[in-house]
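Q: Quick one: this structure, given as structure tokens, is what I'll be asking you about.
There are 2 protein chains.
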Amino acid sequence: MPKQIPDIVISRLPTYLRALLQMSQEGRQVTSSQELGERLGISAAQIRKDLSQFGEFGKQGTGYNIEFLANQVKEILNVNRVWDVAIVGAGDIGRALAGYNGFSERGFRIKMIFDNKPEKIGTSAGGFVIKDSKTMKEEILAAGIKMAMIAVPATHAQGVADQLVEAGVKAILSYAPVNLNVPAGVRVQNIDPSIHLQRMTYYLEQ
Amino acid sequence: MPKQIPDIVISRLPTYLRALLQMSQEGRQVTSSQELGERLGISAAQIRKDLSQFGEFGKQGTGYNIEFLANQVKEILNVNRVWDVAIVGAGDIGRALAGYNGFSERGFRIKMIFDNKPEKIGTSAGGFVIKDSKTMKEEILAAGIKMAMIAVPATHAQGVADQLVEAGVKAILSYAPVNLNVPAGVRVQNIDPSIHLQRMTYYLEQ
DNA sequence: TAGATTGTTAATCGATTAACAATC
DNA sequence: TAGATTGTTAATCGATTAACAATC
Numbered sequence: 062m063p064k065q066i067p068d069i070v071i072s073r074l075p076t077y078l079r080a081l082l083q084m085s086q087e088g089r090q091v092t093s094s095q096e097l098g099e100r101l102g103i104s105a106a107q108i109r110k111d112l113s114q115f116g117e118f119g120k121q122g123t124g125y126n127i128e129f130l131a132n133q134v135k136e137i138l139n140v141n142r143v144w145d146v147a148i149v150g151a152g153d154i155g156r157a158l159a160g161y162n163g164f165s166e167r168g169f170r171i172k173m174i175f176d177n178k179p180e181k182i183g184t185s186a187g188g189f190v191i192k193d194s195k196t197m198k199e200e201i202l203a204a205g206i207k208m209a210m211i212a213v214p215a216t217h218a219q220g221v222a223d224q225l226v227e228a229g230v231k232a233i234l235s236y237a238p239v240n241l242n243v244p245a246g247v248r249v250q251n252i253d254p255s256i257h258l259q260r261m262t263y264y265l266e267q
Numbered sequence: 062m063p064k065q066i067p068d069i070v071i072s073r074l075p076t077y078l079r080a081l082l083q084m085s086q087e088g089r090q091v092t093s094s095q096e097l098g099e100r101l102g103i104s105a106a107q108i109r110k111d112l113s114q115f116g117e118f119g120k121q122g123t124g125y126n127i128e129f130l131a132n133q134v135k136e137i138l139n140v141n142r143v144w145d146v147a148i149v150g151a152g153d154i155g156r157a158l159a160g161y162n163g164f165s166e167r168g169f170r171i172k173m174i175f176d177n178k179p180e181k182i183g184t185s186a187g188g189f190v191i192k193d194s195k196t197m198k199e200e201i202l203a204a205g206i207k208m209a210m211i212a213v214p215a216t217h218a219q220g221v222a223d224q225l226v227e228a229g230v231k232a233i234l235s236y237a238p239v240n241l242n243v244p245a246g247v248r249v250q251n252i253d254p255s256i257h258l259q260r261m262t263y264y265l266e267q
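Dropping the structure here:
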């Protein structure tokens, strides 16, 4: 049985990867746990500890080769490949996601977008023709898609999630401001700007 | 000196509040730590422990009055008032945010939106006239705005953050996929869909 | 060699859970 | 009263940090 890695460690790896790719774009070759930690506001010890869960990627006295480490982290995260992603909901958020070109360099490719509004179906969003939600399950199944983003009104989100699960989707990123219930084995992440704002108001002066 | 509350506790309160408001909309009057925990996938003990940091809000044998508890949590989080928020960047994301009507019921009001593209300035987005970024600092200062959302390209995000800090902004929600450096006393939260997706790919079968 | 930085161990710190008296 | 559920304490569990030998 492989060693169980804490989820909190996994959750930090994407930010490490993002910082490494940025350094790489800046033309840098080598970094250290200390430098990376300063960029991210994390202790150097924590970065070394996190990475040590997966192997030895650095050299004493020198640090880490940025490109090598980035590739290793990609491999750990399973993003040294391209994941097809479906978008459900072609409102403002769904359309913004469909048109966002930051996904391709991070391991993701939008494959299709769905909506249930007759007047939207068949029109285009971000270069995709919006498909009918009614065909969602079969299209996602046929394409073997495992990841989806939900951008429908809160009231519809659970129903959409249920259908996605039936279609074999295993990872859902939801922009709907509700808690989704999904079976074990399906992952959900939520993005709700109000939640993020409310996490900061506590600290603001009245 | 007031008791120092762990940030991880604060970060859970907005999800408690969201669930409570949802229950309230469902017409429910009373709930328990157990029921709330089941909805959120959190232990009942943790919810009681978190709430106990701020006072006693429940009744033994009965549980919590939903409306009362929601109001208490709002008060704790400082969202029993309206916070004005500025949006910087009128691309797809900025426009989606400007048009999003989920903020008002959560304690926030979009007040203005900025962009630096001459062809966008003066046009409208989500009911707002897009203002020139050049006037950002003075406008935000004059309006006394303390919260902002950044929706500009990654390359511009740090520069915008610096200006917002100068303008007196104390809480920034950034959609740009970079780490922002801000002085102590300024809070930053990041939303980057690729990061969220990458937190799930680790668990997916190849 | 001297200086720097890793990977790892042990110590510390903090968060979660279990359990239960209090009490509605 | 009996049953339910809180608020809180103590125990457990897990995560972070400090420190350092190894070594580039």
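Line by line, the protein sequences give chains C and R. Residue 83 in the working numbering sits at position 22 of the first sequence, and the numbers go up by one each step. Residue 143 in the working numbering sits at position 82 of the second sequence, and the numbers go up by one each step. We put the CB at the ideal spot given by N, CA and C, even for glycine. Note that the structure is a prediction, hence the values are computed from the model and not measured.
1. SER94 of chain R: buried (16+ other C-beta within 10 angstroms of its C-beta) or exposed?
2. Measure from the C-beta of HIS217 of chain R to each C-beta in chain C and report whether the shortest distance is under 9 angstroms.
3. How many angstroms separate the CA atom of SER148 of chain R from the CA atom of LEU78 of chain R?
4. Against chain C, which members of the stretch 247-262 of chain R pass a CB distance test of less than 9 angstroms?
5. How would you list, in chain order, the residues of chain R whose beta-carbon sits under 8 angstroms from the beta-carbon of VAL239 of chain C?
6. Assuming VAL226 of chain R and SER235 of chain R are in contact, meaning their beta carbons sit under 8 angstroms apart, how far apart are those beta carbons, in whole angstroms?
7. Counting contacts by CB-CB distance shorter than 9 angstroms, is MET62 of chain C in contact with chain R?
8. Check the Cβ-Cβ distances between GLN133 of chain C and every residue of chain R, and say whether any is below 9 angstroms.
9. With a threshold of 9 angstroms between beta carbons, is MET210 of chain R in contact with chain C?
10. Pick from R:GLY116, R:GLN114, R:GLU117 and R:LEU74: whose alpha carbon is nearest that of GLY98 of chain R?
11. Can you look up TYR263 of chain R in the DSSP assignment and give me helix, strand or coil?
12. Given that GLY163 of chain C touches chain R, what residues does it touch there, using C-beta distances under 9 angstroms?
13. Could you give the residue range of the beta strand (DSSP E) that holds ILE174 of chain R?
14. Taking 8 angstroms as the threshold, find out whether the stretch 193-208 of chain R comes into contact with the stretch 137-152 of chain R through three or more Cβ pairs.
15. Identify, in the order they occur along the chain, each residue of the same chain with its Cβ nearer than 6 angstroms to the Cβ of ARG170 of chain C, setting aside the five sequence neighbours on each side.
16. With a 10 Å radius around its C-beta and 16 neighbouring C-beta atoms as the bar for buried, classify GLN86 of chain R as buried or exposed.
17. Would you be able to state if there are at least three C-beta pairs under 8 angstroms between the stretch 165-180 of chain R and the stretch 252-262 of chain C?
18. How far does the alpha helix (DSSP H) with SER94 of chain C in it extend, from its first residue to its last?
19. Kindly indicate the opening and closing residues of the beta strand (DSSP E) around SER194 of chain R.
20. Enumerate, from N- to C-terminal direction, the unbroken alpha helix (DSSP H) stretches of 4 or more residues contained entirely within the stretch 97-132 of chain C.
21. Using a Cβ-Cβ cut-off of 9 angstroms, state whether ALA106 of chain C counts as contacting chain R.
22. Would you check if the stretch 111-131 of chain R and the stretch 174-186 of chain R touch, i.e. whether three or more CB-CB distances between them fall below 8 angstroms?
23. Provide the residue(s) that pair with ASN251 of chain R in DSSP beta bridges, ordered along the chain.
24. Nearest-angstrom Cα distance between VAL230 of chain R and MET210 of chain R?
25. Mind checking ARG260 of chain R: buried by the 16 CB within 10 Å criterion, or exposed?
26. Buried or exposed: VAL190 of chain C, going by 16 or more other Cβ atoms within 10 Å of its Cβ?
27. CB-CB under 7 angstroms to MET62 of chain C, same chain, minus the five flanking residues each way: which ones, in chain order?
28. In chain R, what lies closer than 8 angstroms to PHE169 of chain C by C-beta?
29. Please decide whether LEU225 of chain C counts as near chain R, where near means a Cβ-Cβ distance under 9 angstroms.
30. Have a look at the DSSP bridge pairing and note the partners of ASP68 of chain R.
31. At the 9 angstroms Cβ level, is LYS231 of chain R part of the contact set with chain C, yes or no?
32. From the DSSP output, in three-state form, read off ILE154 of chain R for me.
33. Could you work out which residues of chain C lie near LYS178 of chain R, taking near to mean beta carbons separated by less than 9 angstroms?
34. Just verifying my parser: in three-state terms, what is the DSSP assignment at MET62 of chain C?
35. Can you give me the Cβ contacts of THR76 of chain C inside the same chain, cut-off strictly under 8 angstroms, excluding the 5 residues immediately before and after it?
36. For VAL281 of chain C, does the three-state DSSP call read helix, strand or coil?
A: According to the structure shown:
1. Position 33 of the second sequence, counted from the start, is the residue given in the question as residue 94 of chain R. Answer is buried; the Cβ neighbour count reaches 16.
2. Walking along the second sequence from the start, residue 217 of chain R turns up at place 156. It does not; no Cβ of chain C falls within 9 angstroms.
3. If you number the second sequence from 1, residue 148 of chain R lands on position 87. If you number the second sequence from 1, residue 78 of chain R lands on position 17. Ser is not the amino acid found at residue 148 of chain R; the sequence shown has Ile there. Whole-angstrom Cα-Cα distance: 24 angstroms.
4. Under the 9 angstroms Cβ criterion, the stretch 247-262 of chain R contributes ARG248, VAL249, GLN250, ASN251, ILE252, ASP253, PRO254, SER255, ILE256, HIS257, LEU258, GLN259, ARG260, MET261 and THR262.
5. As a position in the first sequence, residue 239 of chain C is number 178, starting the count at 1. Going along chain R in sequence order, the residues near VAL239 of chain C (Cβ under 8 angstroms) are ARG79 and GLN83.
6. Indexing the second sequence from 1 puts residue 226 of chain R at position 165. Indexing the second sequence from 1 puts residue 235 of chain R at position 174. 12 angstroms between Cβ atoms; not a contact.
7. Sequence index remark: in the first sequence, residue 62 of chain C carries index 1 (1-based). Low confidence applies here, because MET62 of chain C scores a pLDDT of 44, under 50, leaving its location unreliable; read the following figure in that light. Not an interface residue.
8. Numbered from 1 along the first sequence, position 72 holds the residue referred to as residue 133 of chain C. Not closer than 9 angstroms to any Cβ of chain R, the Cβ of GLN133 of chain C fails to qualify, so no.
9. One-based indexing of the second sequence puts residue 210 of chain R at position 149. Interface residue, yes.
10. Stepping through the second sequence from its first residue, residue 98 of chain R is reached at position 37. Taking only the C-alpha atoms, the option nearest GLY98 of chain R is R:LEU74.
11. One-based indexing of the second sequence puts residue 263 of chain R at position 202. It is coil, neither helix nor strand.
12. Taking the first residue of the first sequence as position 1, residue 163 of chain C is located at position 102. Within chain R, the residues near GLY163 of chain C are ALA215, PRO238, ASP253, PRO254 and SER255.
13. Here residue 174 of chain R is taken as the residue at index 113 of the second sequence, counted from 1. Here the beta strand (DSSP E) through ILE174 of chain R covers 169-176.
14. yes
15. Locating residue 170 of chain C in the first sequence gives position 109, where the first residue counts as 1. Short of 6 angstroms from the beta carbon of ARG170 of chain C, and not among the five residues preceding or following it, lie these beta carbons of its own chain, in chain order: VAL143 and ASP145.
16. Counting from one through the second sequence, the residue named residue 86 of chain R turns up at place 25. Under this definition GLN86 of chain R is an exposed residue.
17. yes
18. The residue labelled residue 94 of chain C in the question sits at position 33 within the first sequence. Looking at the DSSP string, the run of the alpha helix (DSSP H) that includes SER94 of chain C is 94-101.
19. Counted from its first residue, the second sequence places residue 194 of chain R at position 133. No beta strand (DSSP E) contains SER194 of chain R, which DSSP labels as neither H nor E.
20. 105-113
21. Stepping through the first sequence from its first residue, residue 106 of chain C is reached at position 45. So, not an interface residue.
22. no
23. Position 190 of the second sequence holds residue 251 of chain R. DSSP output for ASN251 of chain R lists R:SER235 as bridge partner(s).
24. In the second sequence, counting from the first residue as 1, residue 230 of chain R sits at position 169. In the second sequence, counting from the first residue as 1, residue 210 of chain R sits at position 149. Those two C-alpha atoms are separated by around 10 angstroms.
25. Residue numbering aside, residue 260 of chain R sits at position 199 when the second sequence is read from its first letter. Buried, since its Cβ has 16 or more Cβ neighbours within 10 Å.
26. Your numbering for residue 190 of chain C matches position 129 in the first sequence. Exposed is the call here.
27. Residue numbering aside, residue 62 of chain C sits at position 1 when the first sequence is read from its first letter. Note that MET62 of chain C scores a pLDDT of 44, beneath 50, so its modelled location is shaky; the value from the coordinates is reported in the next line. Result list for MET62 of chain C: empty, nothing under 7 angstroms.
28. The sequence position of residue 169 of chain C within the first sequence is 108, counting from 1. Neighbourhood of PHE169 of chain C in chain R, by CB distance below 8 angstroms: SER255 and LEU258, in chain order.
29. Indexing the first sequence from 1 puts residue 225 of chain C at position 164. Chain R contact via Cβ: absent.
30. The count along the second sequence starts at 1 and reaches residue 68 of chain R at position 7. ASP68 of chain R pairs with nothing; no bridge assigned.
31. Along the second sequence, one-based indexing puts residue 231 of chain R at 170. Closer than 9 angstroms: yes.
32. Reading the second sequence from its first residue, position 93 is the one you call residue 154 of chain R. The answer is helix: DSSP assigns ILE154 of chain R an H, G or I state.
33. Numbered from its first residue, the second sequence carries residue 178 of chain R at position 117. What LYS178 of chain R touches in chain C: nothing, since even the nearest Cβ is about 16 angstroms away.
34. The count along the first sequence starts at 1 and reaches residue 62 of chain C at position 1. Residue confidence for MET62 of chain C is low, a pLDDT of 44 falling below 50, so the modelled location carries little weight; the figure read from the coordinates is stated next. Coil at MET62 of chain C, not helix or strand.
35. Within the first sequence, residue 76 of chain C is the residue found at index 15, counting from 1. Within the same chain, THR76 of chain C has close Cβ partners LEU101.
36. No answer is possible for residue 281 of chain C: the residues shown for chain C start at 62 and end at 267.
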